[in-house]
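The numbers in full-length UniProt numbering rise by one with no breaks, and the one at position 9 of the sequence shown is 9.
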Amino acid sequence: MADSDDIPESTVHNILEQDTLKWVFVGGKGGVGKTTCSSIISMLLARVRPSVLIISTDPAHNLSDAFQQRFTKTPTLVYGFKNLYAMEVDPSVDNDEFGTEGMDSLFSDLANAIPGIDEAMSFGEMLKPAQVVACANSLVSMVPHVQSLCEPARALGSTMDYSCIVFDTAPTGHTLRLLQFPATLEKGLEKMMSLKSKFGGLLSQVTRIFGVEDEFGEDAIIGRLEGMKNVIEQVNKQFKDPDLTTFICVCIPEFLSLYETERLVQELTKFEIDTHNIIINQVLFDDEDVESKLLKARMRMQQKYLDQFFMLYDDFHITKLPLLPEEVTGVEALKRFSRHFITPYQPTLEKGTVEEVEQRLSRLKEQLAEAEAELEKL
């Protein structure tokens with residue numbers, strides 16, 4: 001357990017102050033507020049960075065709803081900002097547009113079957129300018145249907161190098177499968193190479209007989225898979241560099257969310273992904289105007305899990321966000337809520353103060369007056 005003087009600050013200042021960060025992943029259980037948190041983090045980063053891009057890789061996109069602005073797979077400037085861009089990666093494949101024959105169809109089907117391929121492609125697209133074009137070209141040659149995804153990357157490679165990219169990821173399970181992707185691909189390649197040594201001669205003869213040696217030959221297949229492997233290995237190397245990449249876990253103070261956050265942190269550690277920030281959303285603070293028995297019961301329940309969070313992750317930056325009576329949508333609402341990311345939330349009044357007692361007395365007088373009025377009616 002860390003000493004009180006060594007407890008990390010309960011804000012995201014450490015993320016804003018780490019100038020070397022290029023990739024910030026925001027993830028957690030579904031429905032905990034990942035999109036709201038990632039949107040605000042991108043807005044805060046835009047204050048201290050020359051250019052920021054936020055990418056939604058969740059198939060159920062909410063980024064457009066959060067900013068109340070329509071986004072597509074092309075980076076779009078967010079209203080009210082000069083250096084914040086947003087895009088939503090579309091994982092679907094339009095086979096009618098790219099054809100359904102030959103290697104195009106084969107690798108299109110293979111790519112669609114790989115969990116996390118949309119995140120892998122979007123991450124690979126946004127490497128440094130010289131790397132972006134190479135990665136995009138490799139992906140297009142490997143899987144022609146991703147050409148529409150890679151065209152923005154090619155253009156961006158020559159026009160803009162984003163200083164930081166924030167990923168609004170899919171729920172935990174999908175994101176963890178993404179992290180397993182490089183190892184899965186490497187094992188697949190090893191099997192392909194073993195098949196080549198066993199059946200390479202037979203495969204060459206068959207493809208030569210049917211006149212498709214150039215397209216389905218063993219060298220063509222292995223070459224494309226090797227190209228894919230190089231791109232993913234480069235992505236994986238970036239994942240594991242704590243100076244470049246970090247993962248922010250978002251959760252709520254409930255058992256299932258605590259359990260899934262623990263699983264996520266363990267898996268991130270296993271894959272050598274840096275993580276040292278947890279955002280706990282939808283916290284009911286002990287404001288003195290709360291009289292509901294239900295809310296007080298929820299507060300006690302939440303406090304139990306909050307204590308467990310701080311005990312398990314005493315070396316993490318844990319940021320608590322209040323549950324609001326209204327939704328946080330639109331740039332102005334996001335800006336207002338962002339203050340809780342850089343300044344810990346404080347209840348309106350502290351217990352035991354003169355102001356708190358006076359407010360409680362005033363509220364009791366109001367309730368007494370309402371009861372007397374109701375009694376007169378009866």
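We put the beta carbon where it would ideally sit given N, CA and C, even for glycine.
Given the structure is predicted, the values throughout are model-derived calculations rather than measurements.
Item	Value
Residue of Leu295, Ser38, Pro344, Lys270 minimising C-alpha distance to Cys164	Ser38
Beta-carbon spacing of Lys337, Asn277 below 8 Å	Looking at the sequence provided, one finds Phe at residue 337 rather than Lys. Not in contact: Phe337 and Asn277 (Cβ atoms no closer than 8 Å).
For Arg298 and Leu284, believed in contact at Cβ under 8 Å, the rounded distance	6 Å
Pairwise C-alpha distance: Val48 and Ala170	26 Å
Phe98 (DSSP reduced to helix, strand or coil)	With a pLDDT of 46 at Phe98, under the threshold of 50, the predicted position of this residue should be treated as unreliable, though the coordinate-derived value follows. Phe98: helix per DSSP, three-state reduction.
Selection from Val89, Tyr162, Lys82, Gln18 that minimises the alpha carbon distance to Leu53	Tyr162
CA nearest to the CA of Gln238, picked from Leu176, Leu21, Asp307	Leu21
Anticipated Cβ contact below 8 Å, Val12 with Ile41, distance rounded	6 Å
Contact set for Ile342: own chain, Cβ-Cβ below 6 Å, skip 5 residues either direction	Thr11
Start-to-end residues for the alpha helix (DSSP H) that takes in Tyr305	293-312
Inter-residue spacing [alpha-carbon to alpha-carbon] between Pro75 and Ala86	5 Å
Rounded C-alpha distance that separates Arg339 from Met43	11 Å
Exposure label - Glu372; buried when at least 16 CB within 10 Å	exposed
Cβ neighbours of Glu254 in the same chain (closer than 7 Å, five flanking residues each side left out)	Tyr305
Start and end residues, beta strand (DSSP E) containing Val52	52-56
Neighbourhood of Phe310 by C-beta, 8 Å cutoff - its chain only, sequence neighbours within 5 removed	Ile318
Alpha-carbon to alpha-carbon, Val26 and Asp243	16 Å
Residues of its chain near Pro8, where Cβ-Cβ distance is below 6 Å and the 5 sequence neighbours each way are ignored	His317
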